[in-house]
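*Asks:* Below are the structure tokens for one structure; questions will follow.
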Amino acid sequence: MQRGPSSLLLTHWAPKLVVLTALATMLLAGLVTLAHRILLLLSGFLPTALLLPWLLTWALLAGVLSLLTRILVLLLRHRGELPCWTSEGS
């Protein structure tokens, strides 16, 4: 039985498509995980700032600095440039 040009094209590109699909899935999962962790940090910061109206300015400043520090640590961990030295890492 003879194979047509479409079957040759499929056998040539099928393994590459599987690898590209797996890489795209892992990249998307990493980005979704990072966005989820940032949203969790924000959800803890906003209620704290609203519960302290008489210290709102200082609470916002401290919260923003803390949030930026945590985001920086998450980004460095995500890129693999910072060791997991906290209790979260195993």
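Counting in full-length UniProt numbering, the sequence shown runs from 1 upward without gaps.
Cβ atoms here follow ideal geometry from the backbone N, Cα and C, with glycine treated the same way.
#1: Please classify glycine 44: is it buried, with 16 or more other beta-carbons within 10 angstroms of its beta-carbon, or exposed?
#2: Does the pairing of the stretch 61–80 with the stretch 23–37 give three or more beta-carbon distances under 8 Å?
#3: In angstroms, rounded to a whole number, what distance separates the CA positions of proline 21 and leucine 39?
*Replies:* Short version:
#1: Here residue 44 corresponds to residue number 44 of the sequence shown, with the count starting at 1. Flag for glycine 44 reads exposed.
#2: yes
#3: As a first step, residue 21 is located in the sequence shown; it is residue number 21 there, counting from the start. As a first step, residue 39 is located in the sequence shown; it is residue number 39 there, counting from the start. Residue identity differs from the one stated: residue 21 is threonine in this sequence, not proline. Taking the straight line joining both Cα atoms gives about 27 Å.
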